[in-house]
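Asker: Counting in the numbering used here, the sequence shown runs from 207 upward without gaps. Heads up, the beta-carbon is just placed ideally off N, CA and C, and yes, glycines get one too. Predicted model, so just to flag it, every value in this text is computed and none were measured.
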Amino acid sequence: PLVRIAGLSALTGLTGAVLTGITVPHRRALMDTPHRLLQADAMPAVRAAACRAIGALAALPPMADTPHYQLAKDDAPRESLEPSIDLLLRALKDTSKSVRLSS
């Protein structure tokens with residue numbers, strides 16, 4: 207669990223400038239990892255770290271701001287945040303207090 211927590215904590219320090227050089231598949235992997243861990247990890251500390259990472263990643267510029275990504279006509283930045291919002295709202299009902307506080 208400590209390695210997963212450390213990895214998620216590293217995501218909270220990313221900046222938009224760092225992400226401009228990352229390809230779309232790699233950026234999606236960075237975005238998907240905390241979502242997956244929040245949904246499925248058994249350790250409350252990992253789920254709490256995932257909540258913090260999701261919040262930090264949501265504050266970054268949308269993918270359209272990177273040279274490797276073009277928004278489709280029907281994509282909207284709000285829609286890209288909806289999965290994060292839904293997960294964080296569900297985390298507010300987690301059995302662990304540390305997860306609820308982080309969400």
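Under 8 Å Cβ to Cβ from R306, same chain only, skipping five residues before and after it: list those, please.
Answerer: Once the five neighbours on either side are set aside, the close Cβ partners of R306 are A297, L298, K299 and D300.
Asker: For the ligand NAP, I want to know if H241 counts as a neighbour, meaning its beta carbon is within less than 7 Å of at least one of the ligand's heavy atoms.
Answerer: Judged by which ligands are present, the structure shown has none, so any question about the ligand NAP falls away.
Asker: Is it buried or exposed, I211, if we count other Cβ atoms within 10 angstroms and call 16 or more buried?
Answerer: Buried, because 16 or more other Cβ atoms sit within 10 Å of the Cβ of I211.
Asker: Identify the continuous alpha helix (DSSP H) that holds I228 and give its terminal residues.
Answerer: Careful: I228 lies outside any alpha helix (DSSP H) and carries neither H nor E.
Asker: Can you tell which of L244, G227 and T229 has the C-alpha that lies nearest to the C-alpha of S308?
Answerer: With distances taken between Cα atoms, S308 lies closest to L244.
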